Amino acid sequence: MQVGILGGGVGGLSTAIALKQAGFEVSIYERHSKPIEIGAGIVCWPNASFVLEQLGVLEQVAKVSGSLTYMNRFSNDGEPIGSLNINELNRLMRYPSYSIIRKDLMSIFIQRATELDIKIHYGFEVVDLTNNTSETIAHFSNGEKLQPDIIIGAEGRMKSITRKFVNGSNQPVYQGFINWVGVYESRSAVFSELSVSDYWGIGERFGIVPVTNNKAYWAGGIVSETMDEKLPNHYKSELHAIFKDWPDLINNIIKETPQSRINKIYVHDHDPIDVWCKSNVILLGDAAHAALPTSGQGACQALEDAWHLTKCLKENIDDIPKAFTQFTALRKSKTSGMIQGGRQLASSIFNQDVEYCKNRNLASKNTNYHDTVVGMAKGWSSGLPISG
Ligand SMILES: Cc1cc2nc3c(=O)[nH]c(=O)nc-3n(C[C@H](O)[C@H](O)[C@H](O)COP(=O)(O)OP(=O)(O)OC[C@H]3O[C@@H](n4cnc5c(N)ncnc54)[C@H](O)[C@@H]3O)c2cc1C
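Read left to right, the sequence shown gives residues 2 to 389 (the numbering used here).
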């Protein structure tokens, strides 16, 4: 059984590893000419750590990531407005939560793929999929063609050719806010403990996720109706202008992050779709169900897809359509929930009404975060053989 995976990101690489471990012949086709280093970081929550263990990389991940303890919320003037105990979440789900720089996670996946003799074809940008009978052909911009037994569309959220092939269109939805994301490193220790700091303003937000005591990735967000031209040499001044009255830590982080390590993203997600497959082609990861970063679960859900799709294919090796239908049924409700959850939190965090934000912060202060953790553990472990 030959499987061609379009896209070598978190979903594509993890699915290739899972399938190869299960005995499938897999190749990856990635548009970039080499592994890319862009992107900030990811929190691998316990549901993702379960999958990372199954892929044989959890130990490697643990070596280069941070073991998170708390997620602390603050108002934009630094007043504590609630604290979520990540240790408790880990205890309930019986797996750790790790913060990791995206390029480190990608390197670990690529190393594991190499160990398993998985071929990654760089410089292969899929531009079209055609289907005559039950066989689908992927066409690449370099003139090459591919016709494997199964095609997996894992090209992310913005321009997935596979999503267009399966669904008839690919229209990511701009959710009206910008995120500048970056990776900050200091010569001396800055973070006494590895807890996430999440500052909420009025239509603005700044989040900091430490990976070591002197390294963190961060995201600064603001409401924006328009998507203007991106000018990298303006990023720092844009950020300083927005966050100048916010706590010193934030302004130091912006100041000391090299411009080359800052990215500006007009944040999109997807409306959930019912059908994820057509003929011998299936979608996964962001191409199937991109959620906003406020869900905290985008990469984690792509990893869950890798595990579930492999299991469905293994159990229905002689009936691929059944495997695809089963996979979609298993994954649709959880991932749609992540999309809705991400939108709900974003609409609260990026609300621009002063009174609303005052009440929101007060509500956060009065929240019983123990109950929140119990709910998160239950929701995030659903569909997986882990406790919650
Ligand atoms: C600002 C921000 C912060 C985030 N923070 C978190 C977080 O803290 N935790 C979390 O779990 N998730 C987070 N996410 C989400 C997470 O990054 C994605 O959900 C995850 O990477 C999805 O994996 P994927 O493989 O589907 O897509 P991607 O990782 O985007 O990979 C897609 C791959 O396909 C390739 N590709 C694209 N088009 C083609 C083509 N035509 N032909 C061939 N290859 C192609 C791309 O180059 C890329 O390598 C965040 C996202 C954003 C935008």
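Cβ coordinates follow ideal geometry from the N, Cα and C atoms, glycine included.
Note that the coordinates shown come from a computational prediction; the quantities given were computed from them, not determined experimentally.
Endpoints, alpha helix (DSSP H) assigned at residue i
{"i": "P47", "result": "P47 to Q55"}
{"i": "S198", "result": "First-last for S198: V197 to W201, but that is the beta strand (DSSP E), not the alpha helix (DSSP H)."}
{"i": "E356", "result": "V355 to K366"}
{"i": "H235", "result": "Where H235 is concerned, there is no enclosing alpha helix (DSSP H), given that its DSSP letter is neither H nor E."}
{"i": "I387", "result": "Here I387 belongs to no alpha helix (DSSP H), and DSSP marks it neither H nor E."}
{"i": "S15", "result": "V11 to Q22"}
For residue i, the first and last residue of its enclosing beta strand (DSSP E)
{"i": "N132", "result": "V127 to N132"}
{"i": "G380", "result": "Note, G380: premise wrong, no beta strand (DSSP E); alpha helix (DSSP H) at Y370 to S382."}
{"i": "G154", "result": "I151 to G154"}
heavy atom of ligand 1 below 7 Å from residue i C-beta
{"i": "L7", "result": "yes"}
{"i": "D354", "result": "no"}
{"i": "Y185", "result": "no"}
{"i": "I43", "result": "yes"}
{"i": "C278", "result": "no"}
{"i": "G221", "result": "no"}
{"i": "A217", "result": "no"}
{"i": "D287", "result": "yes"}
{"i": "E31", "result": "yes"}
{"i": "K160", "result": "yes"}
{"i": "N180", "result": "yes"}
{"i": "G83", "result": "no"}
{"i": "Q260", "result": "no"}
{"i": "V27", "result": "no"}
{"i": "Q298", "result": "yes"}
Beta bridge counterpart(s) of residue i as assigned by DSSP
{"i": "S28", "result": "G5 and K120"}
{"i": "H140", "result": "D129 and K146"}
{"i": "V224", "result": "F178"}
{"i": "C278", "result": "I283"}
{"i": "A217", "result": "Y185 and P211"}
{"i": "R206", "result": "W201 and G222"}
{"i": "I43", "result": "I101"}
- Message: Below 8 Å, how does it come out for the segment 50–65 and the segment 300–313: are there three or more Cβ pairs, yes or no?
- Response: Because the criterion of three Cβ pairs below 8 Å is met, the segment 50–65 and the segment 300–313 touch.
- May I have a chain-ordered list of the alpha helix (DSSP H) segments no shorter than 4 residues that lie completely inside the segment 244–271? 249–257
- Which whole runs of the beta strand (DSSP E) in the segment 57–110 are 3 residues long or more, in chain order? 71–76, 81–86 and 99–102
- Item | Validate contact between the segment 230–247 and the segment 198–215 using beta carbons, cut 8 Å, 3 pairs | yes
- Hey, is the segment 34–47 in contact with the segment 92–108, meaning 3+ C-beta pairs nearer than 8 Å? yes
- Message: Does the contact criterion of 3 or more C-beta pairs under 8 Å hold for the segment 67–86 versus the segment 365–373?
- Response: Contact between the segment 67–86 and the segment 365–373 is established, with three or more Cβ pairs separated by less than 8 Å.
- Query: Residue ranges of each beta strand (DSSP E) run of no fewer than 3 residues wholly in the segment 164–201, ordered along the chain?
  - Reply: Runs of beta strand (DSSP E) with 3 or more residues, each lying fully within the segment 164–201, are found at 174–186 and 197–201, listed in chain order.
- Message: With a threshold of 8 Å, are at least 3 pairs of Cβ atoms found where one atom belongs to the segment 151–166 and the other to the segment 64–82?
- Response: no
- Message: Three or more C-beta pairs under 8 Å: does that hold for the segment 116–134 against the segment 21–39?
- Response: yes
- Query: So does the segment 177–197 actually touch the segment 276–287, counting three or more Cβ pairs closer than 8 Å?
  - Reply: no
- Task: Jot down the residue ranges of each uninterrupted alpha helix (DSSP H) in the segment 281–357, minimum 4 residues, whole runs only, in chain order.
- Result: 287–290, 299–316 and 321–350
- Message: I'd like to know if the segment 335–352 and the segment 193–205 are in contact, where contact means that at least 3 CB-CB pairs between them fall below 8 Å.
- Response: The segment 335–352 is in contact with the segment 193–205.
- Looking at C-beta atoms only, is the number of pairs between the segment 146–157 and the segment 2–13 that lie closer than 8 Å three or more? yes
- Message: When you compare the segment 336–344 with the segment 279–299, are there three or more beta-carbon pairs, one atom per stretch, that lie closer than 8 Å?
- Response: yes
- Message: With a threshold of 8 Å, are at least 3 pairs of Cβ atoms found where one atom belongs to the segment 255–266 and the other to the segment 235–245?
- Response: yes
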